[in-house]
Amino acid sequence: MESKLYIVINAKQLFGQSLSKRLAQRGNTVVFLSNDEQLGYALAAEEPRVRFRYCESLGTTDIASEFLWSERCISTVHGVVIIVPIDELSLLADDYRQSLLSAFGCTESSQGRPLCVTYVVLPKQEDDHGALKSLHLDLCKQSHNVEKTNSKLKLNHIIMSDFKHCDSENNVTLANDTSELIHYLTSTTAKCLKSQTFYFANI
């Protein structure tokens, strides 16, 4: 299994923490960014492949500082996973993403493999599924806009519609399936599309 380095951002909810652990248990190294030291150190103590780094905010400067630290002190970052509760959709904005990529140094002229950025969008309550379906359709339309796709970026969105599974401690299966998908999308074999959107539902 190919080992990778992931940075996980904004994983305040149970599912984000479970996903971080599952990525690490697949043999990857996970840099977990949070301003909650108690949560971060507890997660790192539970899973040795998780490295907690204190990050004051979701500002691009703070996150870029940890991205560059990871590349300098660990290895090349293969993927960035951003956990997005549905009430924090500003994290999906093009301006935020472009500012983040610029701070990372991921420009059209940068060398090396494309960086894989995966957004995992979560519900906050049970009746969010309608809004999540609409968001999924909008993101699918955006995925077809290849003219605006940065050639140095592989952009993915994973929409989670099942609040009960996301907000439960019994989310191991869902976290495992999601980590497997993220691991594949980051791999060198996933070359078919630069931008993809997925929808996970409990049918």
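Residue 24 in my numbering sits at position 28 of the sequence shown; the count goes up by one each step and never skips.
Just so it is clear, CB atoms sit at the ideal spot from N, CA and C, and this is done for glycine as well.
Note that the structure is predicted; figures quoted are calculated from it, not measured.
Cβ pair residue i, residue j closer than 8 Å
i	j	result
I154	L177	yes
D124	I82	yes
C102	L88	no
I46	A7	In the sequence as displayed, the identity of residue 46 is Val instead of Ile. Not in contact: V46 and A7 (Cβ atoms no closer than 8 Å).
S14	A197	no
Q192	S139	yes
V117	I3	no
Y195	H132	yes
V27	E62	yes
Assigned exposure category for residue i - 16 Cβ within 10 Å defines buried
i	result
H59	Rather than His, the amino acid found at residue 59 in this sequence is Ile. It is buried - the Cβ of I59 has at least 16 other Cβ atoms within 10 Å.
L50	Residue identity check: residue 50 is Tyr in the sequence provided, not Leu. So Y50 ends up on the exposed side.
P119	buried
T72	exposed
C69	exposed
H179	buried
T25	buried
T56	buried
S16	buried
G36	buried
Rounded C-alpha distance that separates residue i from residue j
i	j	result
K137	S157	19 Å
Q94	L151	12 Å
L181	T169	18 Å
D173	F100	28 Å
N224	F48	What the structure shows of the chain is the stretch from -3 to 199, and residue 224 is not part of that stretch, so it cannot be assessed.
L29	R18	16 Å
S98	L1	20 Å
E143	Y115	Low local confidence applies: a pLDDT of 48 at E143 is under 50, so the model's placement there is unreliable, with the coordinate-based value given in what follows. For E143 and Y115, the distance between alpha carbons rounds to 21 Å.
S175	G12	10 Å
L54	L96	10 Å
L128	L10	19 Å
L64	K160	36 Å
I5	N167	19 Å
C162	E122	10 Å
S86	V80	9 Å
G23	E43	11 Å
S(-1)	S183	10 Å
Opening and closing residue of the alpha helix (DSSP H) in which residue i lies
i	result
L111	Unbroken run through L111 is the beta strand (DSSP E), 111 to 118; no alpha helix (DSSP H).
R68	56 to 69
Enclosing beta strand (DSSP E) for residue i [first to last residue]
i	result
N152	149 to 156
L1	1 to 5
T25	25 to 30
S191	191 to 196
G75	75 to 81
Test: residue i CB closer than 8 Å to a CB of chain B
i	result
S175	Structure shown: chain B not included; a single protein chain is present.
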